[in-house]
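Offset between the sequence shown (1-based) and this note's numbering: plus 9.
Written out below as structure tokens is the structure these notes cover.
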Amino acid sequence: MSLPAALSSWRPPSLQRARTEVLAGLVVALALIPEAISFSIIAGVDPRVGLFASFTMAVTISVLGGRPAMISAATGAVALVVAPLVREHGVEYLLATVILAGVIQVVLALCGVARLMRFLPRMVMVGFVNALAILIFVAQLPYLVDVPWPVYVLAAAGLVVMNLLPRLTTVVPAPLVAIVVLTALTVGLGIAVPTVGDQGALPDSLPVLGLPAVPLSGGTLAIVAPYALGMALVGLMESLMTAKLVDSITDTHSDKTRESWGQGVANVVTGLFGGMGGCAMIGQTMINVRSGARTRASTFLAGVFLLILVVALGDVVARIPMAALVAVMVMVAVGTFDWHSVAPATLRRMPRSELTVMAATVVVTVTTDNLAIGVAVGVVVASVLFARRVAHLVTVEGVLEGDTKTYRVRGQLFFASSNDLTFQFDYADDPERVVIDLTEAHVWDASTVAALDAITTKYASRGTEVRIIGLNEDSRRRHDALAGTLSGSH
């Protein structure tokens, strides 16, 4: 749609929609603060670096991203990738890495990396969601260990508020009410519990634009490139999977290619403003979406509110009890987990291979604390099990018709199914003429062409004439191009 057409079709949001977006953005901003501080600590940088990253990522992606209502900010996955770099070379090399990672993401987006999401099996997605819920819940446990007993009371009270309030009214998001009520209680009654301010110093100034103070040399590139590539891949994978998840929840479609290069530009901007970079945050996105947000306004306001809260109202935000935010994130974890996937009826009905894919994704993700590794393993397991299942569907039936024997091959012929193809023929006892009918088969790769070459060679050594018939256009093109040219096929 052209800009004039878009402007002419734009209508101001309703008051209810505007209120929902504003309040959702505020709740997300409050939830982002301790997360950004925690991720900064993981990466080994000052809390300001994570907080500034969350601001610039959210604001930039709200304009350039392809998935409205999705939250991007500093994340744990990115922090884990760059932590070794910060330990060895310092924060300036981190900023250079963030900028280069953004450039790589833009290039990958232009190369069509978003289209690879269609190859993501559903059970990998389910495993990703369940593992994410577990990681979100586990991340809250440190705030519940070795703490004063009022922390447990406050966290339980927050859970009660968020469970009961939606039954009475949805005008104000329940997480926001829980945060305000618990903060008022702790301040008013003077209850001594860990607060947001205990997690690290909050910034008291705005981020400043500037270039990283690193040498522009091949040596610098050699240092930052591996980390930048890892950050780019992890960030895109998590962002695209989160976008796909939000698409499913909201029954809407998003532009994955735009989201991919939007993430890249957001990281470049973040690096220039002194942030640690990031990607889509599934936990905060779930808070936003579950609060009713559906537009870019909530994402933009989350970033703006975050900056206002930590810079202008830092003293107030610092007094929010961590128990309130822990309660919010526990509710997010419970709401994120796909409980239907582990229901007894589902487990009985679901094929074992599908359950294996889901379990592999969850176990590897939780064990490594890395969503990207878990998803990669899940895809590999799903691919292997699929290839194994399809390979068993190939059949070879021989029919003798006079002095000619016809073998009818049915199924998908590729490396997994064609390995045993050569053993399905009776070379010693077949007549002088053999026909291999592939009308109901499809040749997918060089392994199958090599197998067919091996079959014809075995027959030729016995003086048997072989004809291959029934190839469809795609199979014929592949066979004609490769037949007789593959090493080891003679």
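From the three backbone atoms N, C-alpha and C, an ideal C-beta is built for every residue, glycine too.
Q) Can you give the Cα-Cα distance for D439 and T466, rounded to whole angstroms? A) 14 Å
(Q) How far does the beta strand (DSSP E) with V452 in it extend, from its first residue to its last? (A) 442–452
Q.
Quick check on the DSSP output: the alpha helix (DSSP H) that includes L185 runs from which residue to which?
A. 183–198
Q. Quick one: what's got a C-beta closer than 7 Å to T308's C-beta in the same chain, skipping five residues either side?
A. A67, I70, S71, A78, M79, I80
(Q) Can you list, in chain order, the residues of its chain with a C-beta nearer than 8 Å to that of R96? Leave out the 5 residues immediately preceding and following it. (A) G53
Q) Using the C-alpha atoms, what's the distance from S257 back to T266? A) 17 Å
Q: Starting from the Cα of Q114, find the closest Cα among L238, V181, P182, I51 and give me that residue.
A: L238
Q) Would G472 be called buried (16 or more neighbouring beta carbons within 10 Å of its own) or exposed? A) exposed
Q. Between the C-alpha atoms of T251 and M285, what's the straight-line distance to the nearest angstrom?
A. 20 Å
Q) Taking Cβ positions, are V339 and Q149 nearer each other than 8 Å? A) yes
(Q) Rounded to whole angstroms, what is the Cα-Cα separation between M290 and S63? (A) 10 Å
Q: Taking 8 Å as the cut-off, decide whether the C-beta atoms of V366 and V133 are in contact.
A: yes
Q: Hey, could you find the ends of the alpha helix (DSSP H) I51 is sitting in?
A: 24–52
(Q) Whole angstroms are fine: how far does the CA of V320 sit from the CA of L215? (A) 7 Å
Q. If we count the other Cβ atoms within 10 Å of its Cβ and call it buried at 16 or more, is S5 buried or exposed?
A. Nothing about residue 5 can be reported from this structure: the residues present for the chain run from 10 to 499 only.
**Q.** CA-to-CA distance, L168 to V313, given in whole angstroms
**A.** 27 Å
Q: List the residues that DSSP assigns as beta-bridge partners of S81.
A: A289
Q.
Checking 8 Å against the spacing of the C-beta atoms, do P203 and V170 come in under that value?
A. no
Q) Mapping DSSP to helix, strand and coil, what is Y102? A) helix
(Q) Given this structure, state the Cα-to-Cα distance separating V475 from K414, to the nearest angstrom. (A) 10 Å
**Q.** 6 Å Cβ shell around P175 - same chain, five flanking residues per side excluded
**A.** A183
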